[in-house]
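Chains as they are written, first to last, in the working numbering: chain V, 139 to 443; chain D, 8 to 400.
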């Protein structure tokens, strides 16, 4: 039973880390630029498509994935300079409208370049086996690699935000944008960098999720909603909050799928339990979000205003 | 003289114009709804190829009239499917609507076509229980099956194989519920567990697979069509379950998914009403021509679509191309007087086929290509379990 629990916890951690990568960029752009970027999911999708093309060219998963990251950075910077920059001063409704337009643009772009039918990236051969973590705890190697890569990136990001000059500016920007602009920081460059960084994380999440899910048009749209839930739970602009909330959401999702049906069966019929469980587990994260907002309206680690 | 000639020509021209409505319905127009975009587009493509091949085999005509197909993409969404169905009926004024991969898309579109549109619908894949039972309609015919039937065949086979303890998994939508209900109708062993996953966006089955590894059943039964089947099989192998727990499937390993599943699928068993090696003449011709034209194996989705076109053509031939009297068209369709790729079938009272189901194994053909071959007949002349609830007798 313990090994089963451990595997399910690992599944939750793996899902949470993927969500964290997506949410990190989202919470930074929202927190620092005050930009509601619905097109963040499109960057997630583009990461997967870039990786698909580059893996095809290089015949190597690792090399293709590595090359996709600078491509995502460039794309992020272009989107920032061409579109996002014009939106910072506008209100949120305009931003939602414009970035929703970007979603449609990217979906059609992918349809034009890669075709409508979707692509698939296979798990690289060197990770296509299982690893024995503890006696009896067998886990797919690729998922374990996701946990390792996700954790390393999370630590790097924490270091970047907490220990570097760029991180200091990011934190300052999240607390008070006008003040750091007044102090003579090149805010345009900072914003482009942060946006590009967010795109890299989103793209990384997309390409790492691709072998588990599939590479398809609109793949970022569903997951983006969950990413928004995460940044709201964690507190907008807080990397730490995004991390904690992503972990919580990852575990809730797994608990809803792994344990809820059996739990419901203890007090209702098997048929109605198996009908109710998927429905309940799908809304569980929203229930948690609502509860957190009642308790702490600015999220777990949000700035008090 | 000249003037009278001109007058005669004018009269003839006017008469000609006046006559043309009587000669109207120059073509037989068939609207075909399937999924042509997104990750499930491969299924739609297989159906489109088979419809094109059917039209080609007919010489482009039925009863001397050209056959015109209007393809529409449901984008894998029930609301879009309904819109496109209404467009076909109201705007294109098609004689028949056919296609439909997904039960939820068919259920959403059904009323607009068969009731409000009073148009004949030939379902070429989806077979939701509702339409076989209480919602059955004189305007609906199926060239596929009712959802419960294929898993029922698998259940029968599992009994003979002595599988004692079975874990069930499927997506949480109309067809997934029918499929799992179907296998439970015939399977006599113990159900070790049952999971419905979110449809269509859940592609990560890690939590469910971990549960299965914990429960250790004798077998896993799944229904994950198209792209979802590819993902499920990959993750099942990645989790190492292929070494200890055999997989039994319906609609999850086929000509659509095998190019992506490759060797991982080798040796798995499934149930189906049509297999590419069924030994009748029309099937041999279909499979050979399909492979020659497109370089890949056709799937049952394609075979059922081919049958749908042939069924329509048989009715048109019998009525000499006059499709105006819908009652006569329905009566002709109900005879199923055509050479089906599965070697002929009869319609039940609810217009679903009474047919055989086979067990198939995934193998490599002589050229090293992945395919499936028939290894047993699981059900002979099977009827769906809902026809008695249908008001049509």
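Note that the Cβ used here is the ideal one computed from N, Cα and C, for glycine as well.
- In the three-state reduction of the DSSP assignment, residue 39 (chain D) falls in the strand class, which pools E and B.
- With respect to the 8 Å criterion, residue 152 (chain V) and residue 285 (chain V) are classified as neighbours on the basis of their beta carbons.
- By the Cβ-count criterion, residue 424 (chain V) is exposed, with fewer than 16 other Cβ atoms from all chains shown falling within 10 Å of its own Cβ.
- Residues of the region 199-220 of chain D whose Cβ lies closer than 8 Å to any Cβ of chain V, in chain order: 201, 202, 203, 204, 205, 208, 210, 211, 213, 214, 215, 217, 218, 220.
- The region 49-127 of chain D is shown to contain whole alpha helix (DSSP H) runs of 4 or more residues at 85-93, 110-118, in chain order.
- With fewer than 16 other CB atoms across the displayed protein chains lying within 10 angstroms of its CB, residue 220 (chain V) is exposed.
- One finds 245, 246, 247 in chain D with Cβ atoms closer than 8 Å to the Cβ of residue 268 (chain V), taken in chain order.
- Checking the DSSP bridge columns, you'll see residue 226 (chain D) partnered with D:173.
- Under the Cβ distance rule, residue 44 (chain D) counts among the residues neighbouring chain V, one pair being separated by less than 8 Å.
- Classified as exposed, residue 344 (chain D) has fewer than 16 neighbouring CB atoms from the shown chains inside 10 Å of its CB.
- Against chain V, the CB of residue 237 (chain D) has a partner CB under 8 Å away; the residue lies at that interface.
- Residues of chain V with a Cβ closer than 7 Å to the Cβ of residue 179 (chain D) are, in chain order, 416.
- Of the residues D:224, D:204, D:346, the one whose Cα lies closest to the Cα of residue 215 (chain D) is D:204.
- Taking residue 330 (chain V) as the centre and dropping the five residues before and after it, the same chain places the C-beta of 215, 218, 219 closer than 7 Å to its C-beta, in chain order.
- In terms of CA proximity to residue 113 (chain D), D:129 leads the group D:129, D:101, D:102, D:98.
- For residue 218 (chain V), not one C-beta of chain D is nearer than 8 Å to its own C-beta.
- Ranking V:395, V:434, V:404 by CA distance to the CA of residue 415 (chain V) puts V:395 first.
- In this structure the region 387-394 of chain D lies against the region 130-148 of chain D, because at least three pairs of beta carbons, one per stretch, are closer than 8 Å.
- For residue 49 (chain D), the chain V residues whose C-beta falls within less than 8 Å of its own C-beta are 255, listed in chain order.
- Within the region 248-276 of chain D, those residues whose Cβ lies closer than 8 Å to any Cβ of chain V are, in chain order, 267.
- By alpha-carbon distance to residue 378 (chain V), the top candidate from V:403, V:169, V:149 is V:169.
- Residue state for residue 252 (chain D) is assigned as coil, using DSSP reduced to three classes.
- The three-state reading of DSSP puts residue 221 (chain V) in coil, since its state is none of H, G, I, E or B.
- In the structure shown, the three-state DSSP call for residue 280 (chain D) is coil.
- Nearest neighbour of residue 346 (chain D) by Cα position, chosen from D:150, D:38, D:89, D:371, turns out to be D:150.
- Under DSSP, residue 364 (chain D) takes part in a beta bridge, and its partners are D:386.
- Residues of the region 344-355 of chain V whose Cβ lies closer than 7 Å to any Cβ of chain D, in chain order: 350, 351, 352, 354, 355.
- In the structure shown, residue 174 (chain V) falls within a coil segment according to DSSP collapsed to helix, strand and coil.
- DSSP assignment within the region 367-397 of chain V yields no whole beta strand (DSSP E) run of 3 residues or more.
- Bridge partners of residue 178 (chain D) according to DSSP: D:204.
- Counting the other Cβ atoms within 10 Å of the Cβ of residue 281 (chain D) gives 16 or more, which makes it buried.
- The alpha carbon of residue 139 (chain V) has as its nearest neighbour, out of V:274, V:318, V:232, V:434, the alpha carbon of V:274.
- In the three-state reduction of the DSSP assignment, residue 151 (chain D) falls in the coil class, being assigned neither a helical nor a strand state.
- Below the 8 Å Cβ cutoff, chain D contributes 241, 245 as neighbours of residue 261 (chain V), in chain order.
- Under the Cβ criterion (8 Å, minimum of three pairs), the region 232-241 of chain D counts as touching the region 260-274 of chain D.
- Residue nearest to residue 397 (chain D) within the set D:295, D:380, D:245, D:356 is D:356 (criterion: CA-CA distance).
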